[in-house]
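**Q** Residue numbers (our numbering): 66 to 295. Every residue gets a Cβ at the ideal spot worked out from N, C-alpha and C, and that includes glycine. Because the structure is a prediction, the values reported are computed rather than measured.
(1) Can you list, in chain order, the residues of its chain with a C-beta nearer than 6 angstroms to that of residue 271? Leave out the 5 residues immediately preceding and following it.
(2) Excluding the 5 residues flanking residue 107 on each side, which residues of the same chain have their C-beta closer than 8 angstroms to its C-beta?
(3) For residue 173, count neighbouring Cβ atoms within 10 angstroms of its own Cβ and tell me buried if that reaches 16, exposed if not.
(4) Near residue 293, what residues of its chain come up, given a Cβ to Cβ distance below 7 angstroms and the 5 sequence neighbours on each side ignored?
(5) Who are residue 153's beta bridge partners in DSSP?
(6) Using C-beta distances below 7 angstroms, list every residue in its chain close to residue 162, excluding the 5 sequence neighbours before and after it, in chain order.
(7) Residue 221 to residue 149, Cα distance in whole Å?
(8) Does DSSP put residue 234 in a helix, in a strand, or in coil?
(9) I'd like to check one pair, residue 280 with residue 261: are the Cβ atoms closer than 8 angstroms?
(10) Please report the straight-line C-alpha distance between residue 141 and residue 288, rounded to a whole angstrom.
(11) So, with DSSP's three-state summary, where would you put residue 286?
(12) For residue 81 and residue 253, I'd like the C-alpha separation in whole angstroms.
(13) Once the 5 residues before and after residue 248 are set aside, which same chain residues still bring their CB inside 8 angstroms of it?
(14) Is residue 226 buried or exposed, if buried means 16 or more other CB atoms sit within 10 Å of its CB?
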């Protein structure tokens, strides 16, 4: 039986923004979490324009589930038939009350936020399955350095959304980013809020053609990448 994962210790800014004490980092931008997700992860991966039935998104760092809900909303807005697949890797799952509290900052997502919280287990362990309109999500719990190599899937788009590379270097190491590339479909893309040089170099070494793009809010730059077919 899977061992329940450890929940992170939290502080709260402005009553709704969770901050992980372990990493001294907020779960989403203080300047607007949903706007950041749309700018960095959706637009950064050319979404929703690339969405199609069966399109697969993968993510390092599930956090509050904000990215999942933003993807669901963007897919629903296209009006296209079919379902998306969403896989996330998370070592420190938040408890359902904390997820609900954080997502209360985004009233436009209230309906799917309630669905997410209702399906979230009291003691997360191993794997969590979430079913939302038009999207099937799987959250694989534990160290991504172990879980990702064992994953049998490949993503059309990656969201690299761990805590800051300076504060959570384990999620930005060369070996793990090489696994991201190995689990990317031909022509697949990635996006991340960080423009740290060592992250960009590790992605290039893994086989991604990397570009720097304007960041969100006060961040000057972010990183985009596409898997080099050669």
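**A** According to the data block:
(1) For the purposes of this step, residue 271 is taken as the residue at position 206 of the chain shown. Cβ neighbours of residue 271 beyond the five flanking positions: 242, 243, 246.
(2) Start at 1 with the first residue of the chain shown, and residue 107 comes out as number 42. Non-local beta-carbon contacts of residue 107 in its own chain, meaning distances under 8 angstroms to residues more than five positions away in sequence, involve 113, 135, 136, 139 in chain order.
(3) Reading the chain shown from its first residue, position 108 is the one you call residue 173. With fewer than 16 other beta carbons inside 10 angstroms of its own, residue 173 counts as exposed.
(4) For this step, residue 293 is matched to residue 228 along the chain shown. Answer for residue 293: 272, 273, 274, listed in chain order.
(5) The count along the chain shown starts at 1 and reaches residue 153 at position 88. Assignment of beta-bridge partners to residue 153 by DSSP yields 124, 204.
(6) One-based indexing of the chain shown puts residue 162 at position 97. No residues qualify anywhere along the chain.
(7) Here the question's residue 221 lines up with position 156 in the chain shown. Here the question's residue 149 lines up with position 84 in the chain shown. Residue 221 and residue 149 have their C-alpha atoms some 11 angstroms from each other.
(8) Working through the chain shown from its first residue, we reach residue 234 at position 169. Helix, per DSSP.
(9) On the chain shown, residue 261 is found 196 positions in, with the first residue counted as 1. On the chain shown, residue 280 is found 215 positions in, with the first residue counted as 1. Not closer than 8 angstroms, so no.
(10) Working through the chain shown from its first residue, we reach residue 141 at position 76. Working through the chain shown from its first residue, we reach residue 288 at position 223. Taking the straight line from one Cα to the other gives about 26 angstroms.
(11) Walking along the chain shown from the start, residue 286 turns up at place 221. It is a strand residue.
(12) Locating residue 81 in the chain shown gives position 16, counting from the first residue. Locating residue 253 in the chain shown gives position 188, counting from the first residue. Here the alpha carbon of residue 81 sits roughly 34 angstroms from the alpha carbon of residue 253.
(13) The residue you call residue 248 lines up with position 183 of the chain shown. Excluding positions up to five away in sequence, the list reads 123, 213, 216, 218, 219, 220.
(14) Position 161 of the chain shown, counting from 1, holds the residue named residue 226. By the neighbour-count criterion, in which 16 or more other beta carbons inside 10 Å mark a residue as buried, residue 226 falls on the buried side.
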